[in-house]
Structure formats: structure tokens, C-alpha cells
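Peer 1: Before we start, here is the structure in question, set down as C-alpha cells.
Take a look at the structure:
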């Protein structure tokens with residue numbers, strides 16, 4: 008038994024019932040929400056290890072819920088969508104979702120993705136020392152980022168990406184490599200989702216007053232972490 012807590016946010020009872028059956032079979036503790044508003048209320052009152060979030064809901068759709076829930080939790084989010092268009096998937100990932108599954112899906116595939124997300128969330132930052140740079144400190148184990156001594160909030164994927172960069176300063180990563188590190192080999196979407204996360208990280212560190220841009224573009228390749236030009 009995993010004793011991990013999963014929140015299912017979906018307005019369709021049949022879908023919630025199906026997910027509940029399969030998740031409980033795997034040992035997960037399942038909480039259900041029949042609307043976006045109810046889901047946000049649940050997140051505000053309970054800590055979850057994973058959230059399954061449907062895109063098409065009547066009161067607040069998955070995009071709207073996604074924008075709000077990151078202020079409430081850092082739990083990984085797996086979006087469920089009937090939309091197969093790449094732009095819709097990229098939109099969800101760009102808002103901070105960690106993965107997506109297109110309906111209809113095979114239950115075995117969904118469970119495999121649930122296992123993978125929870126496993127990655129548990130392992131990220133384990134036994135890693137703090138990463139310290141001018142004006143910037145990253146604590147992988149507690150998943151905390153300080154800029155000039157003040158905490159700056161990042162989505163789970165933004166934090167993971169920043170940590171990967173900071174662990175290997177000056178290493179140039181291709182978008183394909185970053186996608187594999189962030190989502191695994193089975194990710195089928197476009198690599199430009201990496202650009203969304205890099206853009207968000209840059210905006211947050213700039214807004215927090217960091218005097219340099221820690222993630223530099225390597226033209227024709229991808230991105231790298233560079234604090235060499237910063238003043239101590």
C-alpha cells in the first residue's frame with residue numbers, strides 16, 4: 008500500500024468512479040471533487056501527493072484551476088484532456104502542469120504516469136546539498152528558493168528545471184534533453200514547452216531583484232545556467 012493521497016477533479020461521475028477504482032486498487036487514498044471550485048477548496052484544506060485535473064469542466068475549466076492551484080500546492084498535476092491538439096497540451100504544461108493524458112486512455116497508462124510523477128516528486132532533491140550562487144540559494148531537499156534572502160515561489164517543474172541547471176553550471180542542455188529529464192522518455196509533446204518554463208523562471212528571478220539572468224540561451228543548442236558574470 009502506498010498511502011499516497013490523490014485528488015481527482017472531474018465533473019463526470021463515471022470518470023471519477025473509474026479513476027477511484029483503479030487508484031484504490033494501487034493503494035492510493037482518493038479524494039474526489041466534482042468541480043473546479045470544489046477542487047480548489049479541497050486543495051486549500053488538505054495536502055495531496057498528486058492531483059488529476061480534467062480540462063473540460065463547466066464552472067471553471069482546467070486552465071483556470073491550474074492558474075490558481077499553484078498558489079495552494081506544489082503537488083504534481085496530471086491533466087486529463089479530450090483535446091489532442093499540441094497547443095492545448097503545451098498550454099497546460101506551460102501553466103505548471105507536470106504531465107497530461109488524452110481521453111480516452113488506457114488505465115494502465117494513466118497508472119504508470121501516476122507512479123512516475125509521484126516517484127519523481129519524492130526523489131527530486133533527496134540528499135542534495137544546497138546550491139548557492141550570488142543572491143540565489145536553492146535548497147533541493149526542502150524545494151525552496153531564496154533570492155536575496157527572500158523566498159520565491161516556483162511551480163514544481165520550474166523548480167526541478169532550475170535545480171537541474173544549477174547542479175551543472177555552464178552545461179548546455181538541448182530542449183530534447185530537458186524534456187527527457189523533466190517528463191521522461193514517453194513524452195510526446197513539443198519541446199517548446201521548455202521555453203515556457205524558462206521564460207517563467209526568468210521573469211520570477213528578475214521580479215525578485217536578481218541582478219543577472221541565471222539561465223542563458225545557447226544559440227542553436229538550448230539553455231545553460233551561468234552565474235559567472237554576477238557580482239558577489
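Residue numbers (this note's numbering): 8 to 239.
Think of the CB as a built atom: it goes at the ideal place given N, C-alpha and C, for glycine as much as any other residue.
Small disclaimer: the values here were computed from a predicted structure and weren't measured.
1) Report the partner residues of residue 230 according to the DSSP bridge assignment.
2) At a cut of 8 angstroms, does the segment 28-39 reach the segment 64-72 through at least three beta carbon pairs?
3) Could you please give the first and the last residue of the uninterrupted beta strand (DSSP E) stretch that includes residue 110?
4) Assign residue 31 to one of two classes, buried (16 or more other C-beta atoms within 10 Å of its C-beta) or exposed (fewer than that).
5) So if DSSP puts residue 88 in a beta bridge, which residue, or which two residues, is it bridged to?
6) Given residue 225, which residues of its chain have a CB within under 6 angstroms of its CB, disregarding the five upstream and five downstream residues?
7) Tell me whether residue 173 is buried or exposed, calling it buried when 16 or more other Cβ atoms sit within 10 Å of its Cβ.
8) Buried or exposed for residue 20, please, with buried defined as at least 16 other CB atoms from any protein chain shown within 10 angstroms of its CB.
9) Could you tell me the alpha carbon to alpha carbon distance between residue 52 and residue 189, rounded to whole angstroms?
10) When the Cα of residue 77 is compared with those of 218, 164 and 181, which residue comes out closest?
11) Going by the CB atoms, is the gap between residue 28 and residue 59 shorter than 8 angstroms?
12) Pair every Cβ in the segment 96-108 with every Cβ in the segment 140-150, then say whether three or more of these pairs are closer than 8 angstroms.
13) Compute the distance between the beta-carbons of residue 145 and residue 212, then report whether it is under 8 angstroms.
14) Here's a check: name, in chain order, each residue in its chain whose Cβ is nearer than 8 angstroms to the Cβ of residue 11, leaving out the five neighbours to either side.
15) Using only CA atoms, which one of 235, 177 and 166 lies nearest to residue 209?
Peer 2: Working from what's here:
1) 180 and 224
2) no
3) Premise fails: residue 110 is in no beta strand (DSSP E) and is neither H nor E.
4) exposed
5) 109
6) 179 and 231
7) buried
8) Within 10 angstroms of the beta-carbon of residue 20 lie fewer than 16 other beta-carbons, which makes it exposed.
9) Those two C-alpha atoms are separated by around 28 angstroms.
10) 164
11) no
12) Segments in contact, no.
13) no
14) If you ignore the 5 residues before and after residue 11, its C-beta comes within less than 8 angstroms of the C-beta of 34, 35, 36, 56, 57 and 125, all in its own chain and listed in chain order.
15) 166
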